[in-house]
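Colleague: Dumping the structure here so I can ask a few things about it.
In the working numbering, the protein residues as written are -19 to 185.
Structure, rendered in structure tokens:
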């Protein structure tokens, strides 16, 4: 009985912590206008000079940031405090399995050799270090599933028309669980040998 009671207390505390974080997030970002203002001030970047892409969902970023500010501050600090051009390709731990980075060096790909994908557990911060690429985005809710969600790999694949945009070096895009995305596409019919960093940030739900 004592063990059950202890478990209930832990669950109660966890629920209230999460509820408190959600309330803070709602208070900070309540409207689209507030989110836009928060985004434009760039205080959340803490001195990072990389450019956030204009296509980022600002409302969702503001909400996620205030739900898990520690994780986001760690992600931006990693980008700010490292010379990304000299870091070798590979995986870099930042905060256990909550925040980690993956650096790749590869050529951009023809559209046919890329896929629409989405993730549920992690948010993708995708930053082009050198080179240039085209990225696509489309709402998961409207996309046609072709490979159902794989929990182990945290990925699902889709067919979708999408919205495409060019992301140059020094710019980052953020894709949330509601975003089917299609990165690494060759822009303007010119292949680039691209260095890129993807930071995976655990979602705050």
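Where is the CB? At the ideal position from N, CA and C, for every residue including glycine.
#1: Hey, quick one: how far does the beta strand (DSSP E) through residue 173 stretch, first residue to last?
#2: Is residue 99 helix, strand or coil when you go by DSSP?
#3: Tell me whether residue 114 is buried or exposed, calling it buried when 16 or more other Cβ atoms sit within 10 Å of its Cβ.
#4: Do you know how far the Cα of residue 151 is from the Cα of residue 33?
#5: When we look at the beta-carbon of residue 166 and count the other beta-carbons within 10 Å, is it buried (16 or more) or exposed?
#6: By Cβ distance below 7 Å, which residues in the same chain neighbour residue 173 in space, the five residues on each side in sequence not counted?
#7: Just confirm the distance between the C-beta atoms of residue 137 and residue 95, as a whole number of angstroms; I'd bet it's less than 8 Å.
#8: Per DSSP, residue 105 is paired with what?
#9: Over the uninterrupted beta strand (DSSP E) stretch that includes residue 40, give me the two end residues.
#10: Answer with buried or exposed for residue 106, where buried requires no fewer than 16 other C-beta atoms within 10 angstroms of its C-beta.
#11: Within the 8 Å Cβ cut-off, does residue 157 reach chain B?
#12: Whether or not the region 70 to 90 and the region 119 to 139 are in contact is what I'm after, with contact meaning three or more pairs of Cβ atoms, one per stretch, closer than 8 Å; do they touch?
#13: Nearest CA to the CA of residue 24: which residue from 43, 14, 53?
Modeller: The answer reads as follows:
#1: For residue 173, the enclosing beta strand (DSSP E) covers residues 173 to 182.
#2: Here DSSP, grouped into helix, strand and coil, assigns residue 99 to coil.
#3: Classification for residue 114: buried.
#4: Our two residues, residue 33 and residue 151, have alpha carbons roughly 6 Å apart in a direct line.
#5: Around the CB of residue 166, 16 or more other CB atoms lie within 10 Å, so the residue is classed as buried.
#6: Setting aside the 5 residues that flank it on each side, residue 173 is surrounded in the same chain by 87, 111, each with a C-beta closer than 7 Å to its C-beta; the list follows chain order.
#7: Confirmed, about 5 Å.
#8: DSSP lists 154, 179 as the bridge partner or partners of residue 105.
#9: Counted as a single uninterrupted DSSP element, the stretch harbouring residue 40 is not any beta strand (DSSP E) but the alpha helix (DSSP H) occupying residues 38 to 47.
#10: Residue 106 is classed as buried because its beta carbon has at least 16 other beta carbons within 10 Å across all chains shown.
#11: No chain B is present in this structure, which holds just one protein chain.
#12: Per the Cβ contact rule, the region 119 to 139 is not in contact with the region 70 to 90 (fewer than 3 Cβ pairs under 8 Å).
#13: Scanning 43, 14, 53 for the CA closest to the CA of residue 24 turns up 53.
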